[in-house]
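S.K.: Here it is: the structure, laid out below.
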Amino acid sequence: MKVAYFLGALNRGGMETLLLDILSRADLTSYQIICIYREEGVISDLYKATGVPMFKMIPRKGMDLSYVFRLRKLLCREKVNIVHAQHSLEACYAWLATRGCGIKIVQTFHGYDYHQTAKGRFFMKWMIRHADLNIFVSEVQKSYYEKKYRFPRNQSRVVYNGIDFAKFEQREKGESFESPGLLMGSVGNFVPGRDQITICRFLVLLKKAGIPFRFLFVGRKDSRYPRLYDECVRFCETAGLQDEVCFLGTRSDVPSLLTQWDAFIYSTEHDSFGIAVIEAIAAGIPVFVNDWEVMREVTEEGRLAVMYKTKEVEQLLSSFLDFYAHPEKYREKARKAAFYIKEKYGIEKHMEALNRLYTHLSGVGNKTC
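Quick note on numbering: the sequence shown equals residues 1 to 369 in UniProt numbering.
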């Protein structure tokens with residue numbers, strides 16, 4: 001059996017990191033892997049270093065039919081059984097390219113439809129009905145799509161994202177950061193769905209409370225939504241937080257950074273899973289996260305993290321001040337949570353779940369090109 005993973009750009013984000021972890025652990029699979037992508041990105045070299053065959057195929061703007069034929073030729077030449085697309089656009093291209101081939105189409109929904117363009121929504125609505133399997137990354141996300149769209153319920157599954165926790169053990173020593181007190185941070189690109197501005201408001205209250213700290217925002221400024229990053233920078237400058245807050249941009253040493261931090265603070269408006277939160281819990285540090293439905297699911301109603309009411313910075317401050325007064329109690333809870341989270345969300349379990357689904361699909365009416 002051979003699976004082709006199909007995505008857009010090789011940039012650093014939750015989905016791209018997950019797929020990189022899968023390719024890096026190809027030895028765990030019972031099937032062969034190739035990867036098809038459309039654009040280079042900041043982690044292109046890491047993808048190519050996995051040794052998995054990489055195929056760059058660039059379509060022209062719009063629906064490029066010649067691209068469909070080139071894709072079909074590649075999939076048949078490589079004797080691919082399953083295409084696993086990471087976006088609906090790639091899934092649509094793959095669906096068109098495989099008509100009559102018997103190649104199965106799997107797509108994973110890594111987010112919600114809140115900021116879809118009209119074209120993106122069209123592709124998504126079409127493919128959710130025509131994919132052989134729709135994978136969702138949480139029960140909350142799956143329930144959202146099932147309530148909003150009509151598609152075969154027996155062709156959908158939840159597969160929690162997985163993380164290669166070995167990279168925490170094998171991490172290279174990264175840059176060290178000094179702090180007059182607590183060293184904290186958050187990880188996530190400045191895109192719709194993230195809520196870094198709430199964290200900025202919390203930091204104002206923390207400074208007023210007289211708690212010395214340094215806070216590191218890790219995540220890129222997105223060219224499509226620059227205002228989200230700019231708003232946070234302006235807010236911190238206006239509030240006089242220039243000495244306390246640093247915006248680091250994209251980093252390749254997140255595992256090393258997490259081990260330096262005293263706490264991890266996160267706020268979301270509609271994450272679909274929260275890989276950054278899981279990585280922070282796995283690092284064994286206290287994690288503070290808002291009570292968005294998905295966060296309640298992945299942290300087991302706050303058993304694995306400290307939960308605060310969404311956008312309620314005063315409640316976050318209250319919980320944080322208790323942590324500041326009784327740090328060892330929170331650190332002990334964090335150490336226990338780290339052990340549990342590695343068992344539940346390891347890349348091995350994720351890949352085992354995919355393997356079961358692929359094996360079932362490949363035996364259902366499959367044929368060669």
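For each residue, glycine too, the CB sits at the ideal point set by N, CA and C.
In whole angstroms, what is the alpha-carbon distance linking L96 and W292?
M.R.: Taking the sequence shown and counting its residues from 1, one reaches residue 96 at position 96. Taking the sequence shown and counting its residues from 1, one reaches residue 292 at position 292. Taking the straight line from one Cα to the other gives about 37 angstroms.
S.K.: Who are the near neighbours of Q196 in its chain, counting only those whose CB is closer than 6 angstroms to its CB and skipping five residues on each side?
M.R.: The residue labelled residue 196 in the question sits at position 196 within the sequence shown. Excluding sequence neighbours, Q196 sits near C232.
S.K.: Short check: CB of I105 to CB of A85, under 8 angstroms?
M.R.: Position 105 of the sequence shown holds residue 105. Position 85 of the sequence shown holds residue 85. It is a contact, given that the beta carbons lie within the stated cut-off.
S.K.: Roughly how many angstroms lie between the CA atoms of P212 and P327, to the nearest whole one?
M.R.: Along the sequence shown, read from residue 1 onward, the residue named residue 212 stands at position 212. Along the sequence shown, read from residue 1 onward, the residue named residue 327 stands at position 327. Cα to Cα, P212 sits roughly 15 angstroms from P327.
S.K.: Under a three-way DSSP split, which group does I103 fall into?
M.R.: Taking the sequence shown and counting its residues from 1, one reaches residue 103 at position 103. Coil.
S.K.: I need the straight-line Cα distance from I33 to F177, nearest angstrom please.
M.R.: For this step, residue 33 is matched to residue 33 along the sequence shown. For this step, residue 177 is matched to residue 177 along the sequence shown. Between I33 and F177, the C-alpha separation is close to 39 angstroms.
S.K.: Pull up the CB-CB distance for A280 and K342, whole angstroms please, since I reckon it's below 8 angstroms.
M.R.: Taking the first residue of the sequence shown as 1, we reach residue 280 at position 280. Taking the first residue of the sequence shown as 1, we reach residue 342 at position 342. At roughly 13 angstroms, the Cβ-Cβ gap does not stay under 8 angstroms, so A280 and K342 are not in contact.
S.K.: Here's the rule I'm using: 16 or more other beta-carbon atoms within 10 Å means buried, otherwise exposed. How should D21 be labelled?
M.R.: Here residue 21 corresponds to residue number 21 of the sequence shown, with the count starting at 1. That one is buried.
S.K.: Using 10 angstroms around the beta-carbon of S252, count the other beta-carbons present and answer buried if the total reaches 16, otherwise exposed.
M.R.: Numbered from 1 along the sequence shown, position 252 holds the residue referred to as residue 252. Classification for S252: exposed.
S.K.: Could you round the C-beta distance between N81 and G41 to whole angstroms and report it? I think they count as a contact, below 8 angstroms.
M.R.: Numbered from 1 along the sequence shown, position 81 holds the residue referred to as residue 81. Numbered from 1 along the sequence shown, position 41 holds the residue referred to as residue 41. The pair is not a contact, with the Cβ atoms about 27 angstroms apart (cut-off 8 angstroms).
S.K.: Helix, strand or coil for K79, going by three-state DSSP, please let me know.
M.R.: Sequence index remark: in the sequence shown, residue 79 carries index 79 (1-based). Looking at K79 - three-state DSSP - the assignment turns out to be coil, as it is neither helix nor strand.
S.K.: Does the separation of the CB atoms of R335 and T268 fall below 8 angstroms?
M.R.: For the purposes of this step, residue 335 is identified with residue 335 of the sequence shown, where counting begins at 1. For the purposes of this step, residue 268 is identified with residue 268 of the sequence shown, where counting begins at 1. Not in contact: R335 and T268 (Cβ atoms no closer than 8 angstroms).
S.K.: Roughly how many angstroms separate the alpha carbons of L354 and Q260, rounded to a whole number?
M.R.: The count along the sequence shown starts at 1 and reaches residue 354 at position 354. The count along the sequence shown starts at 1 and reaches residue 260 at position 260. Straight-line Cα distance between these residues: approximately 33 angstroms.
S.K.: Give the DSSP-derived three-state secondary structure of Q260 in the structure shown.
M.R.: Locating residue 260 in the sequence shown gives position 260, where the first residue counts as 1. Helix at Q260.
S.K.: Whose CA, out of T29, G14 and L23, lies closest to the CA of E352?
M.R.: Position 352 of the sequence shown, counted from the start, is the residue given in the question as residue 352. Out of T29, G14 and L23, T29 has the C-alpha closest to the C-alpha of E352.
S.K.: Just the C-alpha distance for E78 and Y266, rounded to the nearest angstrom, thanks.
M.R.: Reading the sequence shown from its first residue, position 78 is the one you call residue 78. Reading the sequence shown from its first residue, position 266 is the one you call residue 266. Cα to Cα, E78 sits roughly 42 angstroms from Y266.
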